[in-house]
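Residue 1 is where the sequence shown starts when you use full-length UniProt numbering, and the numbers rise one by one after that. In this text, a Cβ means the ideal position worked out from N, Cα and C, and glycines have one as well. What follows is one structure encoded as C-alpha cells, with my remarks underneath.
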Amino acid sequence: MTGAKRRYPNPLQNANALSSATFYYTLPTFTHTKRTKRQFEEDDLYETLTEHQSKMLGDKVEALWKKQFEKQKKPSLTRVLISAFGFEMFISGLLLGVAELILKPAQAVLLGRFLLYYMFTADEDVQVNHFQTRLYAGGIVLASFLQVLCLHPVVLRLKTVGLKVKIACCSLIYRKALKLNQEAFVNTSVGQIVNLIASDAPVFIMVGFMFNYLWLAPLQCIIVTYLMYEEVGLSSVFGVTVLFLLIPIHHLLSKAASKYQWKSSSRTDDRVRYMDEIILGIKIMKMYVWEKIIKTALLSMRDFEMKYIRLSMYLKSVNVSFDSLLVPVAIYVSIISYVLHNDIKPDKVFTLLIFYNSLRGAMASAFPSAINYRALAFVAIRRMEQFLLLPEVALVTIESTTDPIAIKIIDGEAKWSETSTLQKINFTVKPGDLVIVTGPVGCGKSSLLNVILKELRLISGKIRINGQISYASQDAWLFGGSIRDNILFGEQIELKRYNEVVRICALEDDFALFPLGDHELVGGRGTSLSGGQKARINLARAIYRDADIYLLDEPFAAVDAHVSRQIFQECIKRFLAKKTVVLVTHQQQYFKEADEIITMENGTVISQVPWTENDGLESFSHQDDIDRTVQEGYKLTNGAEDNKDIEKEQTSEGSVSYTVYRKYATANGFFCFAILTVLFLLTQVLLSSGPYFLTHWVNKAQIGEMSTNASHTSEVLVHSKTMHIYIYSAITFACVVTVPLRSYLFFFSVLKSSQKLHNNMFNNVIGATMHFFNTNSPGRIINRFSQDIGAVDSKLPYVLIATVQLLLEAFAAVMLISIVNYWLLLPAIIMAIISYYLKLFCLLTSRDLKRLEGVTRSPVFEHLSSSLQGLSTIRALQSETVLKEKFDAHQDLHSCSHHLFFATSQAFGYFIDCLCALYVAVVTLSFVIYDNGSLSGDVGLAITQSISLISYLQYAMQQTAELENNMTSVERILEYDAIEQEDKCSTEPLKTWPKSGGILFRNLSLKYSPLGSTILKNLNFEIFPREKIGIIGRTGAGKSSIVNALLRLSYTSGDILIDNVDIKTLNLQAVRSKISVIPQDPTLFSGTLRQNLDPFEEYNDEVLWKSLEEVELKSFFESQPEGLFHVIVQGGTNISVGQRQLICLSRAILRNNNILIMDEATANVDLETDNLIQRTIRRKFENCTVLTIAHRLQTLLDSDRVLVMNSGEVIEFDKPSVLRENTNGYFYKVVQKMNLG
C-alpha cells in the first residue's frame, strides 16, 4: 500500500504528570493557527497515541470475544468490554470520587462555619473569631482549586477510556463484517452495519465518563445526607426523600425512552440503508423518473423514524425538567419542614444550598444521565451482539494431494434463498486447464464460482480445492486509494511482473492519460473511472496475485473487441498458461481454445466436455464487444479533475455563521422562536428567585432578631414567617409549572426543525445534477444523512438546551452576587472578558478539530461500505489483513482528531474553571478583608452563587463550544442547500408527445462539469422517426454521452429537438418519462420484483406477467414461492446480472414509449439471450425510434443507420451497407477485423 504521511508525535505521548494535569501539552495545538497563519488541517494531525491504535485494541477485544464464544453458550460483549477496560475505568472513577465525595461536601461544611462569624448570636459555642474565619475562607478557596485540578484530567481520562471502547468495537465490527456470509445479509444490510459504527459505537465515549456515577452518586448522596442531618436533622431527610422518589420515575422514563430509542435506531438503519441504495442507483432513478416514488418511500421511513424519536424525546424532556426542578423542590421541602419548627438560620440555609447543589450535579443530573447512557450502551451492545453472532463464511481449505485435481465438486447442492440455486453439481477441473463455463442467463454460473470460493454454502455434497485461488468478479470492485494500491492489494510490488500485468490488461494507455499515472486516486467503488477501466483494474488485481487457480467472471463484458482479444491471448492463454483458469464468459469465439467447456442450465451442469466434442457450439459466431464504457470519453479526459474533487472533503473555515444559527432557530417560524425565548427568560427568573428570596428572608429574620427592644417582635416574626412560606411556595410552584412547559415546547420545536432540515437536504440531493454525484463519494453523502442528521436529531437538542440553561444560570448567578455587592461586578466583568478571549483562543482550534473529526470520519464509513461491496474479492484474494490495516489507518486518523478535540475542549473547561475558582477567592476574601457589617444572608448568597459558577460557567462555556461544534452538523446539512439543482422548467408537453420519435441534434455540445472539457463537440445530425440507429466508436468517443444529452443528465449547449420540440423548454421529468432506457449497469432496489417493475402500481398482475413472459423470465419467477412478490435484495445481487438486465427490458416494455435507448444492454448476457432481446425489441418496438450502443457487431448490422463517434464528433453516419463500402472508414475497418466483410 502507499506509504502513510509521516506525522509529528502526539504531545500527550511524552507529557509529564504536571503537563497532563494542567493541560500544558495542549498549548502547541492551540497556538498552531497563530504560528502557521492557517487553520488546523488534516495534515497537521499528530500520530495516534499508542493506547488508541485500532489494531492493538481490535486484537485485544477480538481475542476476548473468541474466548467468550468458545466458553459460553451465549457470549456476552458486556463481559468482554468489562474485562478489557473495566479496571482502567474504575481506577479513574476513584480519582473522580475524590472531587465528588470529599471536596464538594467539604465546601458546604466550611461555608456553614464561615457564616457563623456574620450571624448575630448569643451562643458562645457557635461563635468564631476572625482568625478562624480566615481559615474557613482559605479552606473554601483551596477546595475550589483542588476540585478544578482533580476533576478535568480525570474526566478527560474517562472519556479517553470510552473512546478506546468505541475504537475497539468499531474494529471488531469491521473484522466481523469481512467474515459475513451471504446468508447473513438476509438479517442485516450495509446501512445497518454502517449505523453500528456511526450511531451505536460512539455511545461508549460518554459511557466511559458517566458509568462511574452509577456508584458515585448514591455514595455521595449517603455522605451528604448524613452531613445535612447533622445540620438540620430530619428536615434534610424529607428533601432527600423527594430526590429518591423522583429518581425511580426518572429511571422509568429513561427506560421507556430507551425502548423508543431502540425502535428509532432500527428505523434509522432502514432509512440509511435505503438512502445508500438511492445514492448508488441515482442515475437509474433519474432515468426512470422515480424521484417521486422514492421520495415518498424515504420520507415515509423518516416519518416512521421520527415517530419514535419524538416519543423518546418527549419522555426525555420530562427528565430534563427533573434536572432543573429536583434541587429547588428538595431545598423547598427541607427548608419549609425546618422552619415550621425552627427559626430560619443563614448557616443552615446556605449549607443546605451547597449540599443540594452538589447533589444536583450527581443525583439530579449525572446519575439519571448515567442510567440513560447505561440503557443506550446496552441497546448498542445488544445490537452489536446480534451482528457478531451472524453466520460467517466457511474457510477455503486448501488440500495438499498428489491427485491431478484442482477443483472437484461431487453431488453439490446450494441455494441463496428458499429455492435451490444449484443442484446435482458434478464436475472436475484438472491443474493447468483452461475451463470455460457458459450457459443462459440465470443458470448459475456466478453461483458456481461462489461455491468454489465458499461464499455460497453447499447444503449437500462435497467440494475439494487444491491450490491458492485468485478471483475477478463480474461487477468490478475497487476501494478508495490509488490505482496501484487497488492492483497490488497488499502484495509487495515486483516491478517486472507489475508492468507486465498492466500491459496485458491493456492499462498502459489509460495510465498515460492520468496526470499521476497509476498513482491516480480513485473514489470509493472507483467512482472516478469508467466501467471498462474498472473492469481491467479489477482483472489486473486478480492476475497480479500469484495463485494456482484463477476464477474469472465475465472479464470481457466491459471491454472493446481488440482489448478483449489482447486480454484473452496475452493474459489468459500466455501469462496464465500453466495455471488453472475457470473462465465464465459468453464470448464463444474463445471456446475452441479452452481445454473443456462446462455448460450449465437451470442450476446444474449438463455437460463438461472438450471443445471438439461440443457439437452444440461448433457453429459459433464471430461476435465480440465493440465498446462498453460509461461516459468513457469524459472519464478519460476529465477523470483526474473529478478525482481531485472526490479526493478531499472541503471544510468550512472560521466560526459557524450567524445565518446557520438563524436558520436553525427560526426553522419553525419567528413567532415560535420568540415564545421560547420569553419562556426561557421567565423560567430562569423564577428559578433564581428562590435563593434570592431565601436571602431576603434570612436577612429579615436576622434584622428582626437584632431588634430585641420591640415588644411586638415575636408576633411580627411569626406573621412574617407565614407570609414568607406562602411566597416561597408560590415561587416554587411557578417553577414546577414553567420548567416542564419550557422543556416540552423546546423539544417540540427542535424536532420539527430537524425534520425540516432532513427533508430539505433530501429534496436537494434527489434533485441535484449528476455532477454532484460524480464529485462526491457515496460515503460522504451518506455521512450527512447518518452522522449529521443523527447529531441534529439526538445530540444537538441536549447540547442546545444545556447551553441556554447554563448561560442563563451563570448570568443570573453574577447578577445575584452584584445585588449583594455591586463592586463584585467588576471582577465578574474582567472574568467574562478573559473567558470570552479564552473562548476565541481555544474554540478556534476546537472548532477546526471538530470539523476534522467529521472529515476523517467519512473515510471510515466509506471504507466499510466499499469493503462490504467487495467481500467475495477480498476473501478470494485473502486480503482481509490488507483491508483491516487500511481500516485501522482510517480509524487511527479519526481517533487522533477525536481525542484532540476532547483534550482541547477539556483544557478549555479547565482554564475557565481556574478563573471561576479565582473569582470564588475574590468574592470570599472580599468579605474577610473588607468586613463592613455584611448580613449573613448576603454573604451566603454571594459565596454560594460564586461556587456554583465553577460548575455553571465552565460547563456553559464548554457547552457553547460544544454547541458550535455540533452546529457544524447543521452547517454541513445546510451546505446542501447550495447544491446545483436540475432544470425546474414546468412546461408540460402534450400527452401524445412524441408521436413519431424524430430526433434532431443541432450544434449540440456537452460537458460533464461546468469547467470541464467539452466531450461532445458541435453535433449536427438527425434521426428520423422510427429509425433503428446503432452507435459505435472507440473508447472515449462519446457514445454514452449522447444518452446523457438526451436525458439532460449533463451540461449542454445547442439544441435537441424531438418531434420538432426543443427538449430544454420542457419539464425535465416529462422528457425523461417519454424515453425508455435499458442501461449498461442494471440496477435493482431492495423490495419485491413487483416494486422494481412497477413502483407506481400502474399495472395489474396480468400485465406484469406478460412483460416478464416477453423476456422469458416468467417461468423463473413463477417457480419462486412469492411470484411477483419475490424479494430482491439491495442491488439485486440475489439474481444474476443477466436476469437484472432482462428485468430492465421488461420495464421498458411496460413503459411503451416511442423512443428506446439501449446502452450496452446485452453485455452481460449470452448469445441466445442477446438474440431474445433483439427479437423482443424488433417485435415490441417496431414502430419506435431505437438507439443502440451495441455489445455485438451483428446488432449494428441490423440497424437502419450506424452513427460512428470519435473524440466527441460524428465521423460517419449512414446505412451499414454504405459504410461497409467506405474502405477508409472506421466502420469498414471494424467489420474487416471481425471477418464479417
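Within the same chain, Cβ atoms closer than 7 Å to the Cβ of valine 820 are found at Asp938, Leu941, Ala942, the five residues on either side in sequence being excluded. The alpha-carbon of valine 154 is positioned some 41 Å away from that of proline 391. Pairing leucine 178 with lysine 74, the inter-Cα distance amounts to about 22 Å.
Shown here for alanine 1148: same chain residues with a beta carbon closer than 7 Å to its own, the five before and five after excluded, namely Ser1076, Ile1078, Leu1156 in chain order. In this chain, the alpha helix (DSSP H) harbouring glutamine 869 covers 825–869. A straight line joining the alpha-carbon of glycine 233 with that of leucine 151 spans about 31 Å. Counting only runs of at least 4 residues, the stretch 506–568 fully encloses the following alpha helix (DSSP H) elements, listed from N- to C-terminal order: 508–513, 531–544, 561–566.
DSSP, reduced to helix, strand and coil, places aspartate 1170 within a helical segment of the structure shown.
For leucine 1046, the enclosing alpha helix (DSSP H) begins and ends at 1039–1046. Non-local beta-carbon contacts of isoleucine 425 in its own chain, meaning distances under 6 Å to residues more than five positions away in sequence, involve Ile409, Gly412, Val605 in chain order.
Listed in chain order, the non-local C-beta contacts of glycine 1033 below 7 Å within the same chain comprise Asp627, Lys1039, Val1204, Met1205, Asn1206, local neighbours out to five positions each way being set aside. The DSSP-derived three-state label of tyrosine 471 is strand. With a 10 Å radius around the Cβ and a threshold of 16 neighbouring Cβ atoms, lysine 104 comes out buried. Just so you know, the alpha carbons of methionine 600 and valine 584 end up roughly 11 Å apart. Under the DSSP assignment, phenylalanine 40 falls outside any alpha helix (DSSP H); it carries neither an H nor an E label.
The straight-line gap separating the alpha-carbon atoms of glycine 1131 and glutamate 494 is approximately 36 Å.
In the three-state reduction of the DSSP assignment, glycine 1087 falls in the strand class. Contact check for leucine 57 and serine 171: beta-carbon distance about 6 Å, within the 8 Å limit, so the pair qualifies. The bridge partners DSSP lists for glutamate 305 come to none. For asparagine 783, no beta strand (DSSP E) run applies; the uninterrupted alpha helix (DSSP H) run containing it begins and ends at 778–783, by DSSP. Within the same chain, Cβ atoms closer than 7 Å to the Cβ of glycine 517 are found at Phe511, the five residues on either side in sequence being excluded.
Straight across, the Cα-Cα distance linking glutamate 42 with threonine 856 is about 8 Å.
Across the structure, valine 393 and phenylalanine 1096 are spaced so that their CA atoms are roughly 38 Å apart. Between leucine 1000 and the set Glu975, Lys756, Leu1046, the nearest pair of CA atoms involves Leu1046.
Scanning Tyr314, Val224, Gln945, Asn212 for the CA closest to the CA of serine 258 turns up Tyr314.
Lysine 66 carries a helical assignment under DSSP once its states are collapsed to helix, strand and coil. In the three-state reduction of the DSSP assignment, aspartate 1055 falls in the strand class, which pools E and B. Sequence-distant partners of glutamate 291 (beyond 5 residues in either direction) whose C-beta falls short of 6 Å from its own C-beta, in its chain, are Ile766.
Its Cα nearest to that of serine 689, the residue Ala813 stands out among Ile309, Ala813, Tyr836, Pro740.
Using a Cβ distance threshold of 9 Å, glutamine 192 and arginine 273 count as a contacting pair.
With respect to leucine 816, tyrosine 692 sits close: the two C-beta atoms are nearer than 9 Å. A direct Cα-to-Cα measurement between asparagine 1067 and valine 1186 gives close to 22 Å.
Taking the Cα positions, serine 1005 is about 56 Å away from tyrosine 836. Collapsing the DSSP output to three states places phenylalanine 479 in coil. Between histidine 899 and leucine 883, the CB-CB gap reaches or exceeds 9 Å. Glutamine 1080 and methionine 1158 have their C-alpha atoms some 8 Å from each other.
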